[in-house]
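Per my numbering, numbering through the sequence shown is continuous, rising by one, with the last residue being 423.
Take a look at the structure set out below.
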Amino acid sequence: MSENPSNEKKWRPATVAIHGLKRTPKPYYAVSTPIVHTSNFYFDTATEVYDFMKAKSEGRVVREHEYGRYGNPTQQECERKLAAIEGAERAVLFSTGMSAVILTLMTYMRPDGHIIFTNDCYRQTRDFATNLLSRFGIKVSLVDPTAEAVARAIRPNTNIIFTESPTNPYLRVLDLPAIVEVAKKHNIMTIIDATLATPYNIKPLDMGVDIVIHSATKYLGGHNDLLSGVTLGKHALLNDLYRMQRMIGATPGPVTCFLLERGLKTFAMRMEHHNRAGLSIARMLEAHPKIEKVWYPALESHPDHKVAAAQMNGFGSVITFLVRGGDKETRTFIDSLELFLITPSLGGSESLVTQMSTMSFFDYPEEYRHAIGMVDNLVRIALGLEDADDLIADLKQALDKI
Ligand SMILES: *Cc1c(COP(=O)(O)O)cnc(C)c1O
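What follows is the structure, given as structure tokens:
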């Protein structure tokens, strides 16, 4: 695993997304990254194996690849580029965002430890925290997504603070420098799932956060056609996680890595489009008489607008809102949309829509579902890359149908 070179040339995000920080030689002088579709890598002689193993035991690298679960050239190229985009020393890729989240937590949690999670979080992360970790005896607190609530929850044995920012679906933005300050004082590791922000809109490592995770299924892949996840941070810190990745084997296949690396070439351009469209559509919705309330961090009405404006570069394409009315009106609106596909996920080329109470939280008892804010008229849209005016026209005609 090679060290990531620093961005000495100060290339901007659109350039880094295409070239990384350094050009790597490619077989056959191919311009694109080849899909190296193999499960293992052979040695020419028995002596070569001996030399390889000896070098490895001494911490030297004489060649990179031996077995597919331990790494693949397509995957490695993808990890290099992701690290370059994030400004991280190192990236470790996983088969999904959830395997990145869970294996990162499993690597750094301690049997006597306590982990703080913020509660407006990804459904499966929430279930892992509340249902699974307790089986291992790990103590967990689920607190409101604010720096104050996180600080209040710290116990003597707290060793990890895990947050999302922006959260989902309410797009709460946490004051990361404030959380980092209190975490450092108590020697606590900070991990952020920044899937909704992406490295284009926020750079948590620059604010002192230890580890950043993204579901690459979303904006990084960008085309609703792959599943992957990535964990980023300092080289030495991620050594243990790298060993976990090799052991557990939740590695993405070479085709997925090719698609992801290809998607990254347009990452910066896509984020520019998402940020612009997100802002104009959030404003349109906020002014619309059939909409009761909108959550989008760029809006002054958002509870974390000031924090978001101070630490983010843009606010992406996820917008959450309440349709005026109840379940019936909300379904009429959703069913009248022509361009939005009814499905979870976000960050791809196609615009998506979900009624939160049915999509991700239906199996919770209704009372509890409502208590955590998943009311029947709560809708989340994730804008794709269509023309923003076409999306506005579609949303307006669907609202007119109510
Ligand atoms: C989608 C998502 C995940 C899970 O990622 P998968 O690639 O679907 O496993 C985790 N966190 C957030 C914030 C997400 O949006």
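The beta carbon of each residue, even a glycine, is placed where N, CA and C say it ideally should be.
Just so you know, these numbers come straight off a predicted model, no measurement behind them.
Determine the DSSP secondary structure at I340, reduced to helix, strand or coil. Of the three classes helix, strand and coil, the one that applies to I340 here is strand, per DSSP.
Reduced DSSP category for R33 - H, G, I as helix; E, B as strand; rest coil: If DSSP states are grouped into helix, strand and coil, R33 belongs with coil.
Pull up the DSSP beta-bridge partners for A403, would you. Partner(s): V339, L373.
Just the C-alpha distance for A409 and S120, rounded to the nearest angstrom, thanks. Spanning the two alpha carbons is a distance of roughly 34 Å.
Does the segment 363 to 383 come close enough to the segment 241 to 251 that 3 or more CB-CB pairs lie under 8 Å? With a cut-off of 8 Å, the segment 363 to 383 and the segment 241 to 251 count as touching, because enough Cβ pairs lie within range.
Using CA coordinates, which residue listed in Q145, H309, I159 is at the minimum distance from I137? Among Q145, H309, I159, the Cα nearest to that of I137 is on I159.
Counting Cβ pairs closer than 8 Å, one from the segment 317 to 337 and one from the segment 66 to 83, do we hit at least three? Contact between the segment 317 to 337 and the segment 66 to 83 is absent: fewer than three C-beta pairs spanning the two stretches fall below 8 Å.
Please state if the CB of T128 and the CB of E98 are separated by a distance shorter than 8 Å. Against a cut-off of 8 Å, the Cβ pair of T128 and E98 comes out as no contact.
Is the segment 89 to 104 touching the segment 274 to 290 in the sense that three or more CB pairs, one from each, lie closer than 8 Å? Contact annotation: the segment 274 to 290 touches the segment 89 to 104, with at least three C-beta pairs closer than 8 Å.
Between the CA atoms of Y221 and Y240 - distance to the nearest angstrom: Their Cα atoms are separated by approximately 10 Å.
State yes or no: is the C-beta of K286 nearer than 7 Å to some heavy atom of ligand 1? Look at K286: its beta carbon is at least 7 Å from all of the heavy atoms in ligand 1.
Say the cut is 7 Å; is the CB of D214 nearer than that to a heavy atom of ligand 1? True, at least one ligand heavy atom lies under 7 Å from that Cβ.
When you measure from the CB of S60 to every non-hydrogen atom of ligand 1, does any distance come out below 7 Å? Not so, every heavy atom of ligand 1 lies at least 7 Å from the Cβ.
At a cut-off of 7 Å, would you count G118 as near ligand 1, judging by its Cβ distance to the nearest heavy atom? G118 Cβ: within cutoff of ligand 1.
Determine which residues share a DSSP beta bridge with G250 and list them. Residue pairing by DSSP puts G250 in a beta bridge opposite F115, S236.
Where does N296 land, buried or exposed, given buried means 16+ other C-beta within 10 angstroms? Label assigned to N296: buried.
Cβ distance (whole Å) where L306 is taken to contact I340 below 8 Å: L306 to I340, Cβ: 7 Å. Contact.
Which residues share a DSSP beta bridge with N61? Secondary-structure assignment with DSSP links N61 through a beta bridge to Y88.
Inter-residue CB distance, H235 and T219 (contact presumed, cutoff 8 Å): That belief holds up - the Cβ atoms of H235 and T219 are roughly 7 Å apart, short of 8 Å.
Of the listed residues F342, Y389, G369, nearest to N189 (C-alpha basis): Checked all of F342, Y389, G369; the closest Cα to N189 is F342.
Could you check what DSSP says for D214 in three-state terms: helix, strand or coil? If DSSP states are grouped into helix, strand and coil, D214 belongs with the strands.
Using DSSP bridges, identify the partner residues of T179. Per DSSP, H135.
Return the chain-ordered list of same chain residues with a C-beta closer than 8 Å to the C-beta of E313, the five sequence neighbours on each side being excluded. The answer, listed in chain order, is F342, L343, V344, R345, N398.
Please look up how many angstroms separate the CB atoms of A174 and V161, rounded, as I've assumed it's under 8 Å. That belief does not hold up - the Cβ atoms of A174 and V161 are roughly 10 Å apart, past 8 Å.
Distance cut-off 7 Å: V194 Cβ against heavy atoms of ligand 1: Distances taken from the Cβ of V194 to the heavy atoms of ligand 1 include none shorter than 7 Å.
Buried or exposed by the 16-neighbour rule on C-beta atoms within 10 Å, applied to I200: By the neighbour-count rule (16 or more Cβ atoms within 10 Å), I200 is buried.
Cβ-heavy atom distance, Y143 to ligand 1, below 7 Å: Result yes, Cβ under 7 Å from ligand 1.
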